[in-house]
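Worksheet: the structure to be examined is printed underneath.
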Amino acid sequence: MTDRFAFSIAATDGAARTGVIRMQRGEIRTPAFMPVGTAATVKAMRPAEVRATGADIILGNTYHLMLRPTAERMARLGGLHNFMGWDRPILTDSGGYQVMSLSALTKQSEEGVAFQSHLDGSRHMLTPERSMEIQRLLGSDIVMAFDECPPNGVDDKRAEASMERSMRWAARSRAGFDAGEEHAARSALFGIQQGSLDEKLRARSAAALTEIGFDGYAIGGLAVGEGQAAMFGVLDFAPAQLPADKPRYLMGVGKPDDLVGAVARGVDMFDCVLPTRSGRNGQAFTRDGPVNIRNAKHAEDQAPLDSSCACPVCTTWSRAYLHHLVRSGEMLGAMLMTQHNLHFYQDLMQGMRDAIGAGSFAAFQSDFDARYRK
RNA sequence: GGACAGGUGGCCGAGUGGUUAAAGGCAGCAGACUGUAAAUCUGCCCGGGUUUCCGUACGCUGGUUCGAAUCCAGCCCUGUCCA
């Protein structure tokens, strides 16, 4: 029987680490980038294509799936993996992020969050216990604790109160997860550190989480508008506050240069909608920086998106063709742009894993910066 | 030849005496997007002057009026119908 969850670090280079997480549904090479598949689909991509980009794990979302098709229906249909045709690990977010992003439709209390569905206005309640139940019904491999992700710029008092509530919810999440014994025996639970930009709050949050005990530790509440400098400022101390022998997951991040900077500071896992959403919106990520394929200058450019990219898109189609597809609103444009972006992200992660393994991460980082941020 | 309808900024299309450089859409030129209410959103989009300035503009010419894309006359053109 394969381990439920085992993280082993193969090499470190400065604060950066590379290794592997072993789970029953497969291995996750770290540092890892997890494409976001909120509604049981990585938008514009088939599961086999997602896998072909190099992804070991994808995300699903508690909030979206509880509303449609509902967790109970998903369970009747054999769980999320069976439903969407992805047999490797899936990490499910707890709905905590929607507490912030849908704040106009929520009412928060110590018990949990009362939501009004953005789909039909129907009322729902999300608590740590219910979030754990939903993630169990979905058949999640990595379950995220139910937390509160405060928006950027909250004052110290609110940041502290929010962090402390998230820590109480983390303990309830732990208990709720453990109550689902059968599911808990084959999946993992991650806690989420909060505390805004404050080092002391972050330290208290990390201590509270470590006391409870989790399989992995996420850094939450970043990339919400504070800017890269402020985010890196937090990452200069936050990863070291978390247990060194467990994966550290920076939630919702980020741009390619965010990933490189965060890995350099000791982060092992990431997820972000950017490669998929930007792909649909006409932005491609390349080794030479982002490209807006809609721009007129690409209309007759026969070069690939990224001359150093070996992905199926770059080896087959020109910028001119992608420019035409995207401008025409053709769905293939969104599909190909997404495919390239996910390949690019996974190539970037592989490059970082290799560099850390070779002890040359600093050189990798300066080479990346020189070209990407030129 | 006659009867209607109509000619508005690259295109479509509102407006029918002043608050109109002229709604809105499209096209065009850029920008944004970070645990996805996003195949979305934002800005610009007559010319010139790098805030509230000037010029030109609603088929053409002339007229009425303090003032016209909006009213009148003639002309030109387009569509439909009748001959």
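In this note's numbering, the protein residues as written are 1 to 374. The beta carbon of each residue, even a glycine, is placed where N, CA and C say it ideally should be.
- When DSSP states are grouped into helix, strand and coil, T106 belongs to the strand group.
- If you check the CB distance, T286 and T338 do not come in under 8 Å.
- The secondary-structure analysis by DSSP pairs A114 across a beta bridge with K107 and M125.
- By the criterion of a C-beta distance shorter than 6 Å, A175 is surrounded by no residue of its chain, once the five residues flanking it on both sides are discounted.
- Annotated as proximal: A355 and F361, with beta-carbon spacing under 8 Å.
- In this model, C314 and V20 are separated by some 29 Å (Cα to Cα).
- At a Cβ-Cβ threshold of 8 Å, G112 and L102 do not count as neighbours.
- Contact between the region 289 to 300 and the region 339 to 348 is absent: fewer than three C-beta pairs spanning the two stretches fall below 8 Å.
- The continuous alpha helix (DSSP H) containing R319 extends over residues R319 to R327.
- For the 8 Å CB-CB criterion, L274 and G261 do not form a contact.
- Contact between the region 53 to 65 and the region 159 to 172 is absent, with fewer than three C-beta pairs closer than 8 Å.
- Cβ neighbours of R280 within its own chain (closer than 8 Å, five residues either side excluded): K43, A44, A334, M337 and T338.
- Assignment of D369 by DSSP, reduced to helix, strand and coil, places it in the helix class.
- Contact check between the region 300 to 316 and the region 236 to 247: fewer than three CB pairs, one atom from each, fall below 8 Å, which does not count as touching.
- Taking 8 Å as the cut-off, the Cβ atoms of V50 and L342 count as close.
- Take I134, set aside five residues on each side of it, and the residues of its chain with a beta-carbon closer than 7 Å to its own are T62, M66 and A71, in chain order.
- Ranked by Cα distance from G252, the first of R68, V36 and I142 is V36.
- The C-beta separation of I90 from D13 comes to about 29 Å, leaving the pair out of contact by the 8 Å criterion.
- In the three-state scheme derived from DSSP, where H, G and I count as helix and E and B as strand, Q98 is classed as helix.
- Under the DSSP assignment, R165 falls in the alpha helix (DSSP H) whose first and last residues are D156 to A179.
- Taking C-beta separations shorter than 7 Å and ignoring five residues to either side along the sequence, the partners of A159 in its chain run P150, G195, S196, D198 and L201, following chain order.
- For S117, the CB contacts under 7 Å within the same chain, skipping 5 residues up- and downstream, are L67 and H124 in chain order.
- A distance below 8 Å separates the beta carbons of F5 and D215.
- As DSSP reads the structure, E27 sits in a beta bridge with R22.
- In this structure, S122 lies away from S94, with their beta-carbon atoms at least 8 Å apart.
- Between the alpha carbons of Q108 and S166 lies a gap of roughly 12 Å.
- Each residue's CA atom was taken as its position, placing L137 and W317 some 41 Å apart.
- T41 carries a coil assignment under DSSP once its states are collapsed to helix, strand and coil.
- Exposure of E211 is indicated by the presence of fewer than 16 other C-beta atoms within 10 angstroms of its C-beta.
- Between A284 and H323, the C-beta gap is not smaller than 8 Å, which leaves the two residues out of contact.
- Ranking G213, H64 and K374 by CA distance to the CA of F177 puts G213 first.
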